[in-house]
Each structure stands twice: as structure tokens, then as C-alpha cells.
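Numbering (UniProt numbering), first residue to last: 1 to 371. Just so it is clear, CB atoms sit at the ideal spot from N, CA and C, and this is done for glycine as well. Because the structure is a prediction, the values reported are computed rather than measured. Heads up, the thing below is written out as C-alpha cells.
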């Protein structure tokens, strides 16, 4: 009995001693730096360049061209608050979106490349986007290349972008784009903003009045020379009506301009370029006939064109205004191009850097306003 009592007493004493030792160990760990202070964490981050608490901003670049390496362009960049930028580059065709009321926006992406180099197509990764840089059209000429559903989800989630998602949506359809150009012309005057005369037909049934010939007919939303045909006589206009009867598409017509050369006025942020487009091929379309782009000086007239257009659709950072200079000296603005504008090879590297810096500026303004 006495041995049992002594054993129990000894066990109790051992447990009590263990508790004291554990408390002492915890105090010693705190003193020894086992649990670093905020200042210690900052020092460690500054020394190593990373920490487990490092903030990362997800930049999604929608550019399906494998020759464009946006990961390399942003690889050494950080935002003003120290946030690292993780770039995921992909085509619209290889992205999809889910938006949740509690968790926000999730993108599924098969990337061409991404900053961490772990996932490339055909493999997919999930990303919560912080910012979008859009360099490709969301909608191509065929139903298979229509990615508007992804755009709708991003708009619902309110993801900030260059250009704004509102401008992407509004610039998808030619009549909406023409409507904005008409508003600019009314505001500043036809002498300062010489928009080409345009007719609109909601379907083939409305093609009753023949426009002056020759004319150019443009079918639906297609761009880059697609869906366009030159009509030289009234019979051709009537034939086009029978073709359009097979599809539920709208179309527009405008006079064919016998052009001496074309013009492209480009704006990237606050940087301007004007190109003179001299046609070198036999066709009337520069996309297929060929053209030589020559950089010329900007003037107040061309600057007004692109500055007024930059105000459209809630604001546009990347845009270009296309125009024609007729052989009689008259100029005609024919269209507005948004964020997917192509860059001229001779100046592509420089203009890409302008886009790079513009993206950093917008992200810092959005995420580091207090810095």
C-alpha cells in the first residue's frame, strides 16, 4: 500500500514538472526568435525576396500569339506595395470562367506560358484574376471562335482590364462602333471628324434601296478584312441580298473610296503614332493585297480623332483609328479599333514596352493607391 501511494505521488510530481518545463520551453522559444516579429518577417522578406505571406497579383494576358512573351516582360516587376506579379498568358479560346457570389471569379486556363513555369497547355490551372491585359479579339469570324461567354463572366465579376471590359463588349459589333463615331462627328463637326457615310440593314429584307456604286458591303461583326465585299453595280447588291437571306446577319454599306493611301492613328496611353498605309498589292483590301506602312508626323487633326475616340465606351487605353485619303484629297474615317490593335514590326518592341508600362501604371493606381 505504502509503495502504491509513493508511486502515485511520484507520478503526480513528474506531471507537474513536465508542465513547468513546457511553459519554460515556450518562453525560451519566443526569446530565441522561434516566432519572429513583423519587423523580423520584413527583414527576412527583403533578404530573400519572398516569404510565405508574400502578396501576389494575378495578371492574365489574353494574347494567343506564342511569339509574344509577356511573362519575360514582367518577370522583374513588382508593384509599389511590394506585390509580385504572376503573369498567365493564354488565348481566349483556352479560357473559361465561373463567378460565385461568395468566392468571386475563378478562371480555368490552359496557358501558353505562366510565371512559375509549372503549367502549360494542354494542362489547365485555376486562377483568381486581379487584372486583365487584352491583346486578342474575344470573338473571331466563326461561331467556334466566339468567346463572349467568358467575357460576360469577367464583366459580371468586375475584373479590371486594359481596355475596360465595357469597351470590349461595346466594340464587338460594327453598328455600335459606328454609332459612337457618329456621336463624335455631331459633337466636333464633320469638317474635323470626317466619318464615311454608312447605311445599315438589319436583314436582307431591308436591302430595298440601292446605295451609290461602287460600294463596300460589310457583313456582321467580322474584322481584319473578313466579311467584306466590293460591289460595282446594282445587280451585285441584289445578289448579296439573296446570299444574306441564308443567314440572320445584319450588314452595312459605304461608298468605295478610290484611295491614294490609308491612315492609321494609334494611341497607347499618352503615346501616339501615325502610319501612312501605301497599298502595294493588286487587291483593294490591304489585309490581302499588301501595304507598306510609313511612320509620319502626327498633327492636331489626327490627334483630335484618336483623343475623342479614346473617350468612348468608358475610356480606351489602346486604340487606333483607320482612315482613307482619297485621290481628290478628301479624308474619310472608316473605323475604330480597340485593344487588339496590331503593332507594326519596326516599332513593335517599343510599343510593347509602352503597353507594359501602361499596365504597371494602371495596376499600381488600382492596388497601391495609398503607397
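Cα-Cα separation between residue i and residue j, rounded to whole angstroms
i, j, result
"residue 153", "residue 326", "43 Å"
"residue 122", "residue 193", "47 Å"
"residue 284", "residue 74", "40 Å"
"residue 339", "residue 63", "11 Å"
"residue 36", "residue 55", "With a pLDDT of 36 at residue 36, under the threshold of 50, the modelled position of this residue cannot be trusted; read the value that follows with caution. In a straight line, the C-alpha of residue 36 is about 19 Å away from that of residue 55."
"residue 214", "residue 139", "29 Å"
"residue 295", "residue 267", "14 Å"
"residue 330", "residue 279", "17 Å"
"residue 356", "residue 134", "12 Å"
"residue 255", "residue 233", "12 Å"
"residue 321", "residue 191", "16 Å"
"residue 358", "residue 223", "26 Å"
"residue 45", "residue 76", "For residue 45, the predicted model reports a pLDDT of 36, less than 50, meaning its position is unreliable; a value from the coordinates is still stated below. Whole-angstrom Cα-Cα distance: 16 Å."
"residue 108", "residue 368", "27 Å"
"residue 346", "residue 276", "14 Å"
"residue 38", "residue 82", "Its pLDDT being 42, under 50, residue 38 is placed unreliably in this model, and the value from its coordinates should be taken loosely. In a straight line, the C-alpha of residue 38 is about 15 Å away from that of residue 82."
"residue 237", "residue 114", "49 Å"
"residue 124", "residue 301", "48 Å"
"residue 159", "residue 145", "22 Å"
"residue 370", "residue 269", "23 Å"
"residue 102", "residue 110", "25 Å"
"residue 68", "residue 349", "10 Å"
"residue 143", "residue 251", "17 Å"
"residue 72", "residue 354", "15 Å"
Anticipated Cβ contact below 8 Å, residue i with residue j, distance rounded
i, j, result
"residue 116", "residue 86", "7 Å"
"residue 318", "residue 162", "6 Å"
"residue 218", "residue 228", "5 Å"
"residue 352", "residue 360", "Contact doesn't hold; Cβ gap of about 13 Å is too wide."
"residue 209", "residue 129", "The pair is not a contact, with the Cβ atoms about 47 Å apart (cut-off 8 Å)."
"residue 240", "residue 141", "Actually they are not in contact, since the Cβ atoms of residue 240 and residue 141 sit about 17 Å apart, beyond 8 Å."
Beta-carbon gap between residue i and residue j smaller than 8 Å
i, j, result
"residue 137", "residue 112", "no"
"residue 323", "residue 263", "yes"
"residue 381", "residue 127", "What the structure shows of the chain is the stretch from 1 to 371, and residue 381 is not part of that stretch, so it cannot be assessed."
"residue 170", "residue 313", "yes"
"residue 79", "residue 363", "yes"
"residue 196", "residue 334", "yes"
"residue 332", "residue 257", "yes"
Neighbourhood of residue i by C-beta, 6 Å cutoff - its chain only, sequence neighbours within 5 removed
i, result
"residue 199", "211 and 253"
"residue 298", "272 and 274"
"residue 147", "92 and 138"
"residue 70", "61, 87 and 89"
"residue 235", "none"
"residue 207", "201 and 241"
Nonlocal neighbours in the same chain, by C-beta distance under 8 Å from residue i, ignoring five residues either side
i, result
"residue 155", "165, 166 and 169"
"residue 341", "266, 318, 319 and 320"
"residue 66", "112"
"residue 188", "304 and 308"
"residue 216", "228, 229, 230, 231, 253, 254, 255 and 256"
"residue 2", "Confidence in residue 2 is poor, its pLDDT being 43 and thus under 50, which makes the residue's placement unreliable; the coordinate value appears in the next sentence. None."
"residue 180", "170, 309, 312, 313 and 336"
Neighbourhood of residue i by C-beta distance below 7 Å, restricted to the same chain and skipping five residues each side
i, result
"residue 150", "92, 95, 96 and 97"
"residue 99", "105, 153, 156 and 157"
"residue 173", "221"
"residue 310", "267, 316 and 319"
"residue 292", "278 and 280"
"residue 249", "219 and 220"
"residue 260", "325, 326 and 327"
So, does the region 199-212 touch the region 238-258, judging by three or more C-beta pairs under 8 Å?
Taking a contact to require three or more Cβ pairs closer than 8 Å, the region 199-212 and the region 238-258 qualify as touching.
Does the region 178-187 touch the region 295-312, meaning 3 or more C-beta pairs lie closer than 8 Å?
Touching, yes.
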